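K.L.:
Numbering (my numbering), first residue to last: 133 to 316. Positions of the beta carbon are idealized from the N, C-alpha and C atoms, including for glycine. These numbers were taken from a predicted model, which means no experiment stands behind them. If you scroll down you'll find the structure; I have some questions about it.
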Ligand SMILES: [Zn+2]
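Okay, here's the thing in structure tokens:
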């Protein structure tokens, strides 16, 4: 199994588990994983595919430098996903895998005014100094500049970003690392 095939397998498992754990929103939201050293090539879920039904072969290979991002006409990817995930992959070397959802409990927390995740117990402390907050919800990522803004807020040392009135982004060096953070 080559690197792309194993990335496809790992990300597919992440989709299936997110569905199993009710941390998904059916066909909305995106997970992606870089398959090139510079993260300019990454796999992401196609538009319209339910998280519980994602297959390794469904994942679309995006090439940020190619015409139409290297996406075939028969494939559809939500442009907001390209703007957000593409810029995060491009600008943040530690964001090899990016998991973005509107999972209910986390999104509820993100809707609280001036919300801050407090280090109240041992499990919480794993996130010490690893959480960033985007307190300026600015709508759908219809331009690459929104992805650039979000990348700046997350920065290159944090792994979790609470998006006010929106949801959460978790990044990691691998699918396993990001999913462990996501599920915690
Ligand atoms: Zn979202």
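Apart from the five residues just before and just after residue 294, which ones in its own chain have a Cβ nearer than 8 angstroms to its Cβ?
P.N.:
For residue 294, where only same-chain residues beyond five positions count, the Cβ hits under 8 angstroms are 238, 241, 242, 247, 249, 263, 264, 265, 266 and 300.
K.L.:
Between the C-alpha atoms of residue 151 and residue 142, what's the straight-line distance to the nearest angstrom?
P.N.:
If I take the Cα positions, the gap works out to 15 angstroms.
K.L.:
Please find out if some non-hydrogen atom of ligand 1 comes closer than 8 angstroms to the beta-carbon of residue 297.
P.N.:
No, the Cβ of residue 297 stays beyond 8 angstroms of every heavy atom of ligand 1.
K.L.:
Report the three-state DSSP secondary structure of residue 173 (helix, strand or coil).
P.N.:
DSSP places residue 173 in strand when its eight states are reduced to three.
K.L.:
In terms of alpha-carbon separation, which member of 154, 272 and 166 lies closest to residue 318?
P.N.:
It is not possible to answer for residue 318, since the shown part of the chain is limited to 133 through 316.
K.L.:
Excluding five sequence neighbours on each side, which residues of the same chain lie with their C-beta closer than 6 angstroms to the C-beta of residue 172?
P.N.:
Cβ within range, chain order: 196 and 197.
K.L.:
Quick one: using the 10 Å Cβ neighbour count with 16 as the cut-off for buried, is residue 315 buried or exposed?
P.N.:
By the 10 Å Cβ count, residue 315 comes out exposed.
K.L.:
Could you tell me if the beta carbon of residue 161 falls within a distance shorter than 8 angstroms of some heavy atom in ligand 1?
P.N.:
Answer for residue 161: yes, Cβ within range of ligand 1.
K.L.:
Does the beta-carbon of residue 232, which I'm using as the reference point, lie nearer than 8 angstroms to any heavy atom of ligand 1?
P.N.:
Yes, Cβ of residue 232 sits closer than 8 angstroms to a heavy atom of ligand 1.
K.L.:
Residue 233 bridges to which residues according to DSSP?
P.N.:
Partner(s): 300.
K.L.:
Could you give the DSSP three-state label for residue 167: helix, strand or coil?
P.N.:
Three-state result, residue 167: coil.
K.L.:
Out of 226, 180 and 154, which has the shortest C-alpha to C-alpha gap to residue 169?
P.N.:
Selected option, being the one with the closest Cα: 226.
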